[in-house]
Amino acid sequence: MFKKTALAALGLGLALSTSAYAQETIKVGLILPYSGPFADAANQLEAGVNLYVAKHGDTVAGKKIEFIRKDTGGPNPDVAKRLAQELVVRDGVDIIAGFALTPEALGAADVATEAKKMMVVMNAATSVVTEKSPYIVRTSVTIPQVNYVFGKWVAEKGGVKQAYTLVADYGPGLDAEKSFAKGFTEAGGTIVGADKTPVANPDFSAFVQRVADAKPEAVYIFIPGGAQPAAMGKALADRGLTPPNVKLFGQGELTHPEALESMGDTANGIITTFHYTLERDDPMNKEFVDGYHAANNGRSPDLFSIGGYDGMHLIYETLKKTNGDASGDALVEAAKGMAWQSPRGPMSIDPETRDVVQTVYIREVQKVGDKLQNVIIDQIADVKDPNHGAAQ
Amino acid sequence: MISQFAIVLFDGFAFGMLLFVLSVGLSVTMGLMNFINLAHGAFGMLGGYVAVTLMRQMGMPFLAALPCAFFAAALLSIVLERTLFRRLYRAGELNQVLFTIGSVFVAAAVATYVFGTVQQVIPMPSWLRGSVEVLGLRLNVYRIFIIAVALAVTALLVFGLERTRLGAQVRAAVDNQRVAQGLGMDVERIFAVTFALGSGLAGLGGALAVEIVGLDPSFGFHYLVYVLIVVAVGGLGSVTGSFVGAALLGIGDVAGKYFMPEVGSFLIYLIMVAILFVKPLGLFGKR
Numbered sequence: 059m060f061k062k063t064a065l066a067a068l069g070l071g072l073a074l075s076t077s078a079y080a081q082e083t084i085k086v087g088l089i090l091p092y093s094g095p096f097a098d099a100a101n102q103l104e105a106g107v108n109l110y111v112a113k114h115g116d117t118v119a120g121k122k123i124e125f126i127r128k129d130t131g132g133p134n135p136d137v138a139k140r141l142a143q144e145l146v147v148r149d150g151v152d153i154i155a156g157f158a159l160t161p162e163a164l165g166a167a168d169v170a171t172e173a174k175k176m177m178v179v180m181n182a183a184t185s186v187v188t189e190k191s192p193y194i195v196r197t198s199v200t201i202p203q204v205n206y207v208f209g210k211w212v213a214e215k216g217g218v219k220q221a222y223t224l225v226a227d228y229g230p231g232l233d234a235e236k237s238f239a240k241g242f243t244e245a246g247g248t249i250v251g252a253d254k255t256p257v258a259n260p261d262f263s264a265f266v267q268r269v270a271d272a273k274p275e276a277v278y279i280f281i282p283g284g285a286q287p288a289a290m291g292k293a294l295a296d297r298g299l300t301p302p303n304v305k306l307f308g309q310g311e312l313t314h315p316e317a318l319e320s321m322g323d324t325a326n327g328i329i330t331t332f333h334y335t336l337e338r339d340d341p342m343n344k345e346f347v348d349g350y351h352a353a354n355n356g357r358s359p360d361l362f363s364i365g366g367y368d369g370m371h372l373i374y375e376t377l378k379k380t381n382g383d384a385s386g387d388a389l390v391e392a393a394k395g396m397a398w399q400s401p402r403g404p405m406s407i408d409p410e411t412r413d414v415v416q417t418v419y420i421r422e423v424q425k426v427g428d429k430l431q432n433v434i435i436d437q438i439a440d441v442k443d444p445n446h447g448a449a450q
Numbered sequence: 450m451i452s453q454f455a456i457v458l459f460d461g462f463a464f465g466m467l468l469f470v471l472s473v474g475l476s477v478t479m480g481l482m483n484f485i486n487l488a489h490g491a492f493g494m495l496g497g498y499v500a501v502t503l504m505r506q507m508g509m510p511f512l513a514a515l516p517c518a519f520f521a522a523a524l525l526s527i528v529l530e531r532t533l534f535r536r537l538y539r540a541g542e543l544n545q546v547l548f549t550i551g552s553v554f555v556a557a558a559v560a561t562y563v564f565g566t567v568q569q570v571i572p573m574p575s576w577l578r579g580s581v582e583v584l585g586l587r588l589n590v591y592r593i594f595i596i597a598v599a600l601a602v603t604a605l606l607v608f609g610l611e612r613t614r615l616g617a618q619v620r621a622a623v624d625n626q627r628v629a630q631g632l633g634m635d636v637e638r639i640f641a642v643t644f645a646l647g648s649g650l651a652g653l654g655g656a657l658a659v660e661i662v663g664l665d666p667s668f669g670f671h672y673l674v675y676v677l678i679v680v681a682v683g684g685l686g687s688v689t690g691s692f693v694g695a696a697l698l699g700i701g702d703v704a705g706k707y708f709m710p711e712v713g714s715f716l717i718y719l720i721m722v723a724i725l726f727v728k729p730l731g732l733f734g735k736r
C-alpha cells in the first residue's frame, strides 16, 4: 500500500516537475568520445565546457541549462549519429554539441538538419564539417585556417625556400599537408619531399631517417597530439634534426606542454602555428588558465578546452540574443556574425559559412626562466578558412 | 648507404627488443600453461604507471624504478592468478579470451580513474638522453640501453630454464603435467611462479616503453597486436622464438617504413602471414 502511494506521489511529482520546468530548461546534448583512444580530448573539451558553466552560472535568458552527455567510444560516426537521434527524439534536446572528431560531426550532421537543431562543433577541424548542415556552427579551428597562412609565413617571413613535409596519414594530416604546401608554394617555396606516417605509429625512427637523408632546409610536421609529439621530437633530436641545424615547423599540438617537458631543450626553436596559446599574455587568458588549473588539478587547457569553452559562450550568447528561443533557426541566425573576445583572442562566426574566424598565432619554443614554452612571435588577424567556397 | 642501413637495423632491433621484453612473458605462460592471457599488456601498463609515479612523485631514480615495475606487476599477477585466472585454466579458450580481454577494459577504466587520460611523461636521467657516435653512426643512448636490458633478460631466462631446478620443473610440468604431479611436484605453484615471472617482465617492458611510445590508459590494447604477432611468429613457449620473432618484427617494421614508406606499415603483417604459411606453429613452436 505504502509502496503504491509512494510511487503515485513520485509519479505526480515527476509530472509536476516536468510540466513546471518544461518552459524553463534548455537541454544541451554533448556527444563526445569519453572513452577509447580519444578520451583525453573529450575530457579536456568537457572541462572547458564545465569551466564556462561554473563561471557564468547555469541559467541564461531565464532558463536553466541542462546537459545530457553521450559517449561515442572512439572515432565512431555511426554511433554519433544514433546518439544524436536519441538525444533529439527521446531526450528532447534543444542543442547538440561536442564533436571532438570530424567523422563523428559528419555522422551527426544530417540529424541536425532534419531535426532543425543548432549543432555546435567544438573541435572537429576539417573544412568540410560546416558545409554538411546549415545548422552547424563551429567554435574551434580548421586545419587549413592555421596552416595555409602559416605556409605563406614560413616562405615570406621565415625566409625558407625548401621544406620537407611529414604528416600523419589521415584526414587532418592530409589537410594540413595540402594547405601548408599551398601557402608555401604560392609564396615561392618548394616542397622537396613528402612522407606520411601511419596514424597509430609507435616508432618514427624510419621516417625521420628518410628526412635526414634528404638533408632539407626545413621540415613541416603534422601529427596528432598525445604521445606522438614527444616521440617525434626525440626521433628528430637523435638524428641532429633540431634547430638551428634544421628549421622545424608544425601545428601547435607538436609543442604542447607535456611534449615540451618530454623533449627537453632539443625542442628549443621549433616554430608552430595555432589559434590558442596557453602562455599568451592577456588578462582574460590568464583568468581562464588559472580557473582551469584550479578546477583540474593543475592540468593546463589545450585546443579542446578552448573549443568547448567558446562553444558554451556561443550557446549562452545566442540564447540571450533570442531571449531563450532555442529553435535551431533562431539560434543559428543569432550566431551568424557574432563576435567576441575569447581567452584565445578576438574571434567571430562568419555569417556566410558559420565557421570560426580568428587570429592565427605563430609561436616559437623558447626558454622562459627555466621552462620551455611557446612564445608568440607573430600573429595574423581575422583569418578565415581558405577552403570554403573554393569548390564553387 | 651502408650507414643508413646500419641505422635502420639498429633502430629496428632496439624496437624489436622492446617488444621482446613486453611479449616474452606471454609466450612463456601461453606455451607452458596453455592459458591465453590477453591481459598481458595491462601488466605492462601497470609497470609503466608504477615507474612514472615512483619517479615523479617520489623522485626515485630510473634504474631503481625498473625493478619496482617488475615486482609490482609480478605481485599483482600472483594475486589475480590465485583469485581469478586459475579458475580458467581448465576452461575453454573462448572463456579465457573473453575474460582476459574484459580485464583489459577494467584495467583501462581503473587507469583512467586513477591517473586520468593524460599522456604520462617519464623524466629520463640525463645519461640516457641524446645520442652517441659509434663508428660514425649516431645511436640513441636509450635504445642501446633497451638492447642491453633485453639481452640480459634473454640470458637470464635461457639460463634459468636450462640450468636451474625451477627451470627443470617448469619444463617437466609442461611436458607432462600428470606425471610431474605424480612425482610429487607442486605443479600449481610452478605455474603461479611462471605466471608472476611473465607478468613481471611485461611490467618491466611497460616501464621501458614509456620513453619510446608513451603511456596512457589505452596501452593495454595498443600493444596487444604487436605482442601477439611476436608470440605467433616466434612460437609458443620459446624464449629463443620470442627473441627472433621480436627482432624480425622490429627490423621489418622500421626497414619497411624506411624503404617503402607507402606500404611500410603493412610489411610486418605480410612477414607474419608468410612465416605462418610456411611454419604454422611459428619459427620455434613445438606444438
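Sequence order for the protein chains is A and B.
Take the position in the first sequence, starting the count at 1, then add 58; the result is the number in our numbering.
Take the position in the second sequence, starting the count at 1, then add 449; the result is the number in our numbering.
Glycine residues also receive a C-beta, built at the ideal position from the N, C-alpha and C atoms.
Out of B:L646, B:A621, B:T643, which one is the CA nearest neighbour of M634 (chain B)?
B:A621
In the DSSP assignment, find the unbroken beta strand (DSSP E) run with M573 (chain B) in it and report its ends.
Run containing M573 (chain B): none; DSSP gives neither H nor E here.
Within its chain, find whatever has a CB closer than 6 Å to the CB of G349 (chain A); leave out the 5 residues flanking it on each side and keep chain order.
L109
Give the residues of chain E in contact with K174 (chain A), contact being defined as C-beta atoms less than 8 Å apart.
Absence of chain E from the displayed structure is noted, the protein chains being A and B.
Strictly below 8 Å CB to CB, what residues from chain B border E316 (chain A)?
V567, Q568, V570
Is P287 (chain A) close to chain B? Criterion is C-beta to C-beta, closer than 7 Å.
no
Cutoff 7 Å: E319 (chain A) Cβ touching any chain B Cβ:
yes
Thinking C-alpha only, which one of A:V441, A:G365, A:A258 is nearest G156 (chain A)?
A:G365
If you compare alpha carbons, which of B:G609, B:L673, B:Y562, B:A597 is closest to Y92 (chain A)?
B:Y562
In this structure, how does DSSP classify L588 (chain B) when only helix, strand and coil are distinguished?
strand
Thinking C-alpha only, which one of B:F464, B:V567, B:L458 is nearest F362 (chain A)?
B:V567
Of all the CB atoms in chain B, is at least one closer than 7 Å to the CB of Q431 (chain A)?
no
Since Q453 (chain B) meets chain A, which of its residues come closer than 8 Å, beta carbon to beta carbon?
Q267, D271
Beta carbon of N326 (chain A), beta carbon of V423 (chain A): below 7 Å?
yes
Is the segment 159-177 of chain A close to the segment 294-302 of chain A, with three or more CB pairs under 8 Å?
no
Given P274 (chain A), which residues of its chain have a CB within under 8 Å of its CB, disregarding the five upstream and five downstream residues?
Q220, A221, Y222, V250, G251, V304
L543 (chain B) to I89 (chain A) span [Cα, whole Å]:
34 Å
Where are the alpha helix (DSSP H) runs, 4 residues long or more, that stay fully inside the segment 76-126 of chain A, in chain order?
97-114
Kindly indicate which three-state DSSP category R638 (chain B) falls into: helix, strand or coil?
helix
Could you give the uninterrupted runs of the beta strand (DSSP E) lying entirely in the segment 400-430 of chain A, keeping only those of 3 residues or more?
403-407, 414-426
Can you name the start and end residues of the alpha helix (DSSP H) that V628 (chain B) belongs to?
626-631
Can you tell me where the alpha helix (DSSP H) with A455 (chain B) in it begins and where it stops?
451-482
Pairwise C-alpha distance: M721 (chain B) and K728 (chain B):
10 Å
Within 7 Å of any Cβ in chain B, is that where the Cβ of A439 (chain A) sits?
no
Any beta carbon of chain A sitting closer than 7 Å to that of D624 (chain B)?
no
Where does I485 (chain B) land, buried or exposed, given buried means 16+ other C-beta within 10 angstroms?
buried
Starting from S580 (chain B), trace the beta strand (DSSP E) both ways and give me its first and last residue.
580-583
For the segment 678-688 of chain B against the segment 527-545 of chain B, are there 3 or more C-beta pairs whose distance is under 8 Å?
no
Residue range of the alpha helix (DSSP H) that G382 (chain A) falls in?
Premise fails: G382 (chain A) is in no alpha helix (DSSP H) and is neither H nor E.
Name, going along the chain, the residues of the segment 298-312 of chain A whose beta-carbon falls closer than 7 Å to a beta-carbon of chain B.
G298
Using the Cβ count rule (16 or more neighbours within 10 Å means buried), how would you classify D253 (chain A)?
buried
is_contact[G284 (chain A), chain B] using C-beta, thresh 7 Å:
yes
Can you find at least 3 beta carbon pairs, one from the segment 700-716 of chain B and one from the segment 255-270 of chain A, that sit closer than 8 Å?
yes
Assumed close pair L487 (chain B), L673 (chain B) - CB separation to whole angstroms, cut-off 8 Å:
6 Å
Does the Cβ of P341 (chain A) have 16 or more other Cβ atoms within 10 Å, making it buried, or fewer, making it exposed?
exposed
Counting only beta-carbon atoms, is G710 (chain B) nearer than 7 Å to chain A?
Residue identity check: residue 710 (chain B) is Pro in the sequence provided, not Gly. Chain A contact via Cβ: present.
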